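This report concerns only the one structure given below.
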Amino acid sequence: MSRIDRVVLDTMTSQQLNAVRDALVANAPYNRHAVDLRGAISLFFARYYFVFLAGRDRRRRTRLQEFQRAHKGNIPLGFVLSFIAISFLIALLWVLVIVVLYWLKREMGIDIFPDMHLLDFIKN
């Protein structure tokens with residue numbers, strides 16, 4: 003708050019000040035780690051930093067929310083596989099119906115196209 007211009011700070015209401023404080027506290031670094039090791043390594047051509055943090059995992063709810071947000075709108079794999087299986091079974095049923103109808107037509111001696119038979123067509 004000390005970096006805010008005094009003129010601007012004087013024009014802010016107490017509600018605005020509380021909102022700014024809450025936002026700053028929410029964005030403050032998380033300092034509840036059992037191990038917090040930070041450092042920097044200087045090489046001839048660049049400088050690299052490292053951070054090693056360890057502690058109790060408190061992210062369960064956050065991770066669940068992130069998972070739900072990331073997978074929202076995705077079609078579940080089980081639904082897709084079920085759709086494919088049902089489509090295959092329906093196609094197989096149609097083929098079976100056509101074969102049975104053709105067999106009945108042949109047994110009854112119905113000749114729709116003279117001198118043309120499906121079995122002759124398949125054999126050649």
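What the sequence shown shows, in the working numbering, is residues 3 to 126, in sequence order. Ideal Cβ placement from N, Cα and C applies to all residues, glycine included. None of the values given here were measured: they were computed from a predicted structure.
Cβ neighbours of residue i in the same chain (closer than 7 Å, five flanking residues each side left out)
i          : result
residue 53 : 40
residue 36 : 56 and 57
DSSP state of residue i mapped onto helix, strand, coil
i           : result
residue 80  : helix
residue 88  : helix
residue 123 : helix
residue 6   : coil
residue 118 : coil
residue 112 : coil
Candidates the options: closest to residue i by CA position
i          : options        : result
residue 5  : 16, 109 and 22 : 22
residue 59 : 25, 34 and 76  : 34
Cβ-based neighbour list, residue i, same chain, cut-off 8 Å, excluding 5 preceding and 5 following
i           : result
residue 43  : 49, 50, 51 and 52
residue 114 : 107
Beta-carbon contacts of residue i that lie in its chain and below 6 Å, excluding the five residues immediately before and after
i          : result
residue 72 : none
4-residue-minimum alpha helix (DSSP H) runs that sit fully inside the segment 11-73, ordered along the chain:
16-28 and 62-73
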